[in-house]
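Sequential numbering from 31 applies to the sequence shown in this note's numbering.
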Amino acid sequence: MDLFNNTTSGDCYVPPTNPKAEWAKVVTYIALLITSIVGNVIVIRVFTTGQRMRTEVNFLIINVAIADLLIAVINMPMMVRYFVRSANGLPPVWFAGFWGEFWCKSDNFVSGISQICCILSMTAIAFNRYFAIMFPLKTPLNAKKTKLVILLIWLCSCAITSPVLYAMRVKEQHGEYHCTEDWSPTFDNNQTPKYYTLALFTLMYVIPLCLITYLYSCVIHKVWIRHVPGNVTQANQRLEDVAKRRVLKMLITVVIAFALCWLPFHIYLIMVNFYYGINSCDISPMILFLGLLLGHSNSAINPWIYFIFNKDYRRNLKDLCRVPCGKYNYKHVPVTTTRCSTIKSTNGQLSGGKDIELEELKNNIDSSS
31 MDLFNNTTSG
41 DCYVPPTNPK
51 AEWAKVVTYI
61 ALLITSIVGN
71 VIVIRVFTTG
81 QRMRTEVNFL
91 IINVAIADLL
101 IAVINMPMMV
111 RYFVRSANGL
121 PPVWFAGFWG
131 EFWCKSDNFV
141 SGISQICCIL
151 SMTAIAFNRY
161 FAIMFPLKTP
171 LNAKKTKLVI
181 LLIWLCSCAI
191 TSPVLYAMRV
201 KEQHGEYHCT
211 EDWSPTFDNN
221 QTPKYYTLAL
231 FTLMYVIPLC
241 LITYLYSCVI
251 HKVWIRHVPG
261 NVTQANQRLE
271 DVAKRRVLKM
281 LITVVIAFAL
291 CWLPFHIYLI
301 MVNFYYGINS
311 CDISPMILFL
321 GLLLGHSNSA
331 INPWIYFIFN
341 KDYRRNLKDL
351 CRVPCGKYNY
361 KHVPVTTTRC
371 STIKSTNGQL
381 SGGKDIELEE
391 LKNNIDSSS
């Protein structure tokens, strides 16, 4: 949950001594907001362009991009609003009425479902890659089943985060309104936040990351010892080595990026609930700011991961921007027609057999990345 208002409202609020630092936070979050929106809109556009990009894994990547986009559109503007008020020496008051209650609940609800949706989508991708590589002869997850998985991911995310809709509410303190977390009277206001925080951390962070790590470890091991069938030429071996390095870098980067970006925020929640109390003033707001900033930055980092490691993504992005693709133009022409009709040896026989094999291998490598 986004508890920024909890630890900086009411009696806990201390006017900032350095307005310039608050304006720096405003600029930082605006830059992060723009980068996240533009980056994830491009991801959705690129991965929905062309039949080749409409794979099961890419559908799940689009799902992650949508979740990241929700954080950028809903949560980040509220952070900008908070720091603008803080920079002007104004307390972080909320607004009363229906819309105040609506945004108090939806801001925290969207933050929760977006994080859970991301980790569940990453887990689904890990399972997809695991079964595709470890059991290649079995029927892969088709588009219809993938869409069902995505629907279940969102339903699970909403169900797990639904308690936030009850707990987050607008309360009046000293004539000012604040968006705070209050589990009473239905639940115990001291123990329930602890149980809920611990459950989220365990079920939606630790266990999925351990599972993803195990699945990707098996995939990396399988890919590393795999040999290209048939006659392995020197060129084939080079392409195989490139595939190994690319897959290894991609998998490690995706897992580490999410784990590191959200770990400080989870640690903060555990500290607040188990050591200081849910409305404690003892923890510096800077700790929460850094935790949320790093967590939200994951929404801006993901598009760069796809750009760096996925050649198909870069090619489609170049096509969308109408930038000449140079050596990548071959993908617009069927490989078998191009190679077999244009490449001949000096004795009149086709010499494109190896080139066809290399081209198909290269396409498989690019698709897997």
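All residues carry an ideal CB built from backbone N, CA and C; glycine is no exception.
Cβ neighbours of residue i in the same chain (closer than 8 Å, five flanking residues each side left out)
i: K168; result: F161
i: T78; result: R84 and I92
Residue i versus the options, residue with shortest Cα-Cα distance
i: R29; options: V76, S116, Y112 and T85; result: Outside the shown range of the chain, which is 31 to 399, sits residue 29, and nothing can be said about it.
i: E402; options: L185, I143 and V123; result: For the chain, the structure presents residues 31 to 399; residue 402 sits outside this window and is missing.
i: A8; options: I143, S314 and I74; result: With the chain covering only 31 through 399, there is no way to say anything about residue 8.
i: C248; options: I96, I163, L299 and V71; result: I163
i: R199; options: F337, P193, C351 and E131; result: E131
i: G69; options: L318, M83 and I92; result: I92
i: I317; options: Y207, M301 and Y112; result: M301
i: G119; options: A126, R111 and M83; result: R111
i: A197; options: H204, I250 and F139; result: F139
i: V94; options: G80, K135 and I180; result: I180
i: Y246; options: V103, I286 and A229; result: I286
i: L324; options: P238, F165 and W292; result: W292
i: P166; options: V253, C186, K341 and F319; result: V253
Simplified DSSP state of residue i, which is helix, strand or coil
i: H251; result: helix
i: T176; result: helix
i: V123; result: coil
i: N346; result: helix
i: C186; result: helix
i: E389; result: The predicted position of E389 is uncertain, since its pLDDT is 49 and thus under 50; a value taken from the coordinates is nonetheless stated next. Three-state result, E389: helix.
i: P313; result: Per the sequence shown, the amino acid found at residue 313 is Ile instead of Pro. In this structure, I313 counts as coil in the three-state DSSP scheme.
i: P107; result: helix
i: C351; result: coil
i: S192; result: coil
i: N48; result: coil
With 16 other Cβ atoms within 10 Å as the buried cut-off, status of residue i
i: D218; result: exposed
i: R276; result: buried
i: I297; result: exposed
i: T232; result: exposed
i: C351; result: exposed
i: S172; result: A small correction: the amino acid at residue 172 is Asn; Ser does not occupy that position in the sequence shown. It is exposed - the Cβ of N172 has fewer than 16 other Cβ atoms within 10 Å.
i: C148; result: buried
i: L182; result: exposed
i: P49; result: exposed
i: Y244; result: exposed
i: T176; result: buried
i: H326; result: buried
i: S66; result: buried
Close Cβ partners of residue i (< 6 Å) along its chain, the five nearest in sequence each way excluded
i: G321; result: P294, F295 and Y298
i: L303; result: Leu is not the amino acid found at residue 303; the sequence shown has Asn there. Same-chain partners within the cutoff: P223, K224 and T227.
i: A126; result: Y207
i: Y358; result: Caution is warranted here: a pLDDT of 45 is assigned to Y358, below 50, making its placement in the model unreliable, and the coordinate value is therefore given only provisionally. R345.
i: A154; result: L90 and V179
Close-in-space but distant-in-sequence residues of the same chain around residue i (CB under 7 Å, 5 per side omitted)
i: P333; result: G69, N70, I72 and V73
* **alpha helix (DSSP H) runs contained entirely in the region 197–243, provided each spans 4 or more residues** => 222–231
* **Complete runs of the alpha helix (DSSP H) confined to the region 124–148 [at least 4 residues]** => If we require 4 residues or more, the region 124–148 turns out to have no alpha helix (DSSP H) run fully inside it.
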